[in-house]
Amino acid sequence: MRIPSPTSTVMTASAAAVASSEHDASGAAGIRRGPCTCTDHASTGRLVPPSDVTSITSSTPHYSLQDPSTPTSPGPSLSVILKSQFERCRISGIVRNDPLAADVLRRRIVPGRHGMVAEHEPALFARKRPAAIGRAKGKVGGVDMAEPFDPAKFHFNRVRDDSGEVLAVLRDGTTDQSGRHRILVNVSPLMYGHGLLIPYSEKCLPQQLTGEAIDLAVRLLRRDMDHAAAARQQDQSLPKITNANANSATSSDEFCIGFNSLGAFSSVNHLHLHVLYPSELDHAARGDRLFPDGRNGFPIAYAPVRRNIATQYRGGPCRVDELNWTVPCFSFQAAATTRIGNEDDDRHLSRAVASFVQYLHHRRIPHNVLFLQERNTNAAIRCIVIPRQHQDNFDADRHGFNAALGEISGMLIARTRADFDAFRETDIVEQLRTHVACDERDLEDIYEELQQR
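Under the working numbering, the first residue of the sequence shown is numbered 3, with each subsequent residue one higher.
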């Protein structure tokens, strides 16, 4: 597979870090936002200004998702582009809270066997706006998973291309707007580097994970791994990434992609995924390392397999394992058919995850999803799907944290300093098992579904 290269010059990468949360609809002071351009969820309304290349400000890099016609130098990776653009947003005051501020606290949650970590950013919850999500009919405070896109509420097309909040524009090789995806900075980041991937942004899709969005996430991770492999080949001085030396300079650039469904602590009903760099909790500015034993990802990524459920799902070769974690969750990974990184394997993975997520949505079972690079083993892409109870069953104020993807994956963002100091793994596990873990009756149906060949 050839490596894509950016189609415009990008800023020099700076020291970086990572994050995960929802975009603040109000944004930073002085940021220009366009009026609503959507009419309904099937609309292809235009951004303001028009989104052709000439209308993009020079600070917005473009990145091609298509392989170049001839092999070339890898050039800047998407990670380098995103981190340098995040740094621009950080130093210019576009982000509302600085994840590298001196008052940001972090620690391992010990004792405990899950390797959880905790962080507290005093400015985060103080400056974050309420969720732009409606209420389910007849249920106070409820969120309806089938809620349609509403152009009257905040959506990401209100963020103009010249606002300064666009980290990158991804192109799919098409000449119309349908192949255009934007990555925005999360103006209320939980960690350094946090971006928001808006697939097919101008179609105004609701927050329901589509097969096309899953395919896009998998392709981005594959391109990033291909780029890292090409970079290692060009610089033989870089050690090959293995489990023994997973903290090399290259591995610190790994990003993962996450998704919160409606009812699973998503706060904006416009299709978006999170671009996350969990290794950046150990940003160079932090001093002592937080992650133990060379690990640099969400703790859930290292959860052992409880049992294998299937090696084929809905007509395609895909290994499905249940993980031994705080709540029931399922790891999807394509069964390798030929060489490492086979595009057919990636397609099998995308289709399997899409089928399962579609099943969960049809059953109105909220879910969180995490797409991971497996550079340290077989250069595979893995997806962890977490079916769960509705967020209304989790009292974030009482427990001291939201139960979104990051928290369920082992990264607890504390609401207050008192919560940060009080976190104990036994308490957290009990809270997640009681108020987040999927209902037993739904879980039995899920086991049956995952055995469909």
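The beta carbon of each residue, even a glycine, is placed where N, CA and C say it ideally should be.
In the three-state reduction of the DSSP assignment, Y315 falls in the strand class. The criterion of a C-beta distance shorter than 8 Å is not satisfied by C440 and R384. Going by beta carbons, R435 and V329 fall inside the 8 Å limit. In this structure L372 does not touch M118 by the C-beta definition: roughly 15 Å separates them, more than the 8 Å allowed. Sequence-distant partners of R110 (beyond 5 residues in either direction) whose C-beta falls short of 8 Å from its own C-beta, in its chain, are G117, M118, V119, A120, L292, P294. Ranked by how close their Cα comes to the Cα of G213, the residues L362, G402, A356, A286 have A356 in first place.
The alpha carbon of G197 has as its nearest neighbour, out of V97, D174, R173, the alpha carbon of V97. In the DSSP annotation of this structure, the continuous segment of the alpha helix (DSSP H) that includes E345 starts and ends at 345-364.
Counting of Cβ neighbours within 10 angstroms places S281 among the buried residues, the total reaching 16 or more.
For H285 and P124, the gap between their C-alpha atoms comes out near 18 Å. Pairing A354 with A382 gives a Cβ-Cβ distance that is not under 8 Å. Assigned with DSSP and collapsed to three states, S66 falls in strand. Of the residues assessed, D429 falls on the exposed side of the cut-off, its CB having fewer than 16 other CB atoms within 10 angstroms. Of all C-beta pairs linking the segment 223-234 to the segment 296-310, fewer than three are shorter than 8 Å, placing the two stretches out of contact. With contacts defined as CB atoms closer than 8 Å, V277 and F257 qualify as a contacting pair. Excluding sequence positions up to five before and after L325, its CB lies within less than 8 Å of the CB of I302, A305, P306, V307, R308, C331, F332, S333, I386, all in the same chain and listed in chain order. Per the Cβ contact rule, the segment 403-412 is not in contact with the segment 315-325 (fewer than 3 Cβ pairs under 8 Å). For Q209 against S263, the beta-carbon gap comes to about 7 Å, under 8 Å, which counts as contact.
In this structure, I367 is the residue among S411, P101, I367, A420 with its C-alpha nearest to the C-alpha of D146. Contact between F151 and L207 holds: their C-beta atoms lie close to 6 Å from each other, under 8 Å. Beta-bridge partners assigned by DSSP to Q335: R321, R384. V438 and Q314 have their alpha carbons spaced roughly 28 Å apart. According to the DSSP assignment, R390 belongs to no alpha helix (DSSP H), since it is labelled neither H nor E. Counted as a single uninterrupted DSSP element, the stretch harbouring C91 is not any beta strand (DSSP E) but the alpha helix (DSSP H) occupying residues 80-93.
Looking at the backbone, the Cα of A287 and that of C91 are separated by about 18 Å. Going by beta carbons, I388 and H369 fall inside the 8 Å limit.
Between the alpha carbons of Q236 and P78 lies a gap of roughly 13 Å. Distance from the Cα of G265 is smallest, within the candidate group D174, D394, Y361, for D394. Relative to H392, the option among R377, E376, L362 whose CA is nearest is L362. In the DSSP assignment, H183 falls within the unbroken beta strand (DSSP E) covering 182-187.
Residue pairing by DSSP places I430 opposite no residue, since no beta bridge is assigned to it. Between the C-alpha atoms of R108 and S66 there is a straight-line separation of about 36 Å. For F127 and R417, the gap between their C-alpha atoms comes out near 7 Å. Under the DSSP assignment, A170 falls in the beta strand (DSSP E) whose first and last residues are 168-173. For the 8 Å CB-CB criterion, P63 and P191 do not form a contact. Straight-line spacing of the CA atoms in V82 and R400 works out to 39 Å.
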